[in-house]
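Below is one structure, written out as structure tokens; comments come after it.
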Amino acid sequence: MVTRIWIFAALLGILILPLHGATASAAVVSSSEAARTVVIKDLTVREGSVSGTIVNSSSATVRGVALMLRQMWLWNDDHHPGTDDPGRTLPLTFAADVGPNASAPFTFQIPPLPQRSDGRFVTTMEVTGFTKVGP
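Using this note's numbering, you'd call the opening residue of the sequence shown number 813 and step up by one each time.
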């Protein structure tokens, strides 16, 4: 009986070792390095949607690209701004993989912006995080 337990434990250990080596490890990189690795190109904002292209310039696949969409409100009279700033920030995630040195288009549906005449919106998007897959 004891011999069977040892054999089972040994086999289990052999099966677990390859899985342990395949786990991903986290690494923190500087924001300037991250900004060079994954970028947004051709950002287009339409009523109710935002689209563009995610460009991966690294030699590894990236996954789970976290994005921050900022729609800043600029008052027509910035010396006397109003009190109801309609600007907003929306976190978005592009879950699909983007291969090494490749790009992928995206489109996200977003809530429409209010129609106002006392200013205008300026929209920007930045990459706030991602996971590299592989070596």
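We treat Cβ as the ideally placed atom computed from N, Cα and C, and that holds for glycine.
Notebook entry, point to check: How would you label L879, buried or exposed, when you count the other beta carbons within 10 angstroms and need 16 or more for buried?
Noted result: As a first step, residue 879 is located in the sequence shown; it is residue number 67 there, counting from the start. Classification for L879: buried.
Checklist line | Delimiting residues of the beta strand (DSSP E) encompassing P903 | finding: Here residue 903 refers to the residue found at position 91 when the sequence shown is read from its first residue. From DSSP, the beta strand (DSSP E) with P903 extends over R900 to F906.
Check: How many whole angstroms separate the CB atoms of F920 and V862, which I take to be in contact at a CB cut-off of 8 Å?
Finding: Numbered from 1 along the sequence shown, position 108 holds the residue referred to as residue 920. Numbered from 1 along the sequence shown, position 50 holds the residue referred to as residue 862. About 5 Å separates the two Cβ atoms, so the contact holds.
Check: Cβ atoms of V850 and V874: under 7 Å apart, would you say?
Finding: Taking the sequence shown and counting its residues from 1, one reaches residue 874 at position 62. Taking the sequence shown and counting its residues from 1, one reaches residue 850 at position 38. Contact flag set, yes.
Next item on the list: Report back the beta-carbon spacing between R928 and P898 to the nearest angstrom; my notes put them in contact at under 8 Å.
Entry: For the purposes of this step, residue 928 is taken as residue 116 along the sequence shown, with counting starting at 1. For the purposes of this step, residue 898 is taken as residue 86 along the sequence shown, with counting starting at 1. Going by Cβ atoms, the distance from R928 to P898 rounds to 7 Å, so yes, they are a contact pair.
Notebook entry, point to check: How many angstroms separate the CA atom of D854 from the CA atom of P926?
Noted result: Here residue 854 refers to the residue found at position 42 when the sequence shown is read from its first residue. Here residue 926 refers to the residue found at position 114 when the sequence shown is read from its first residue. Between D854 and P926, the C-alpha separation is close to 24 Å.
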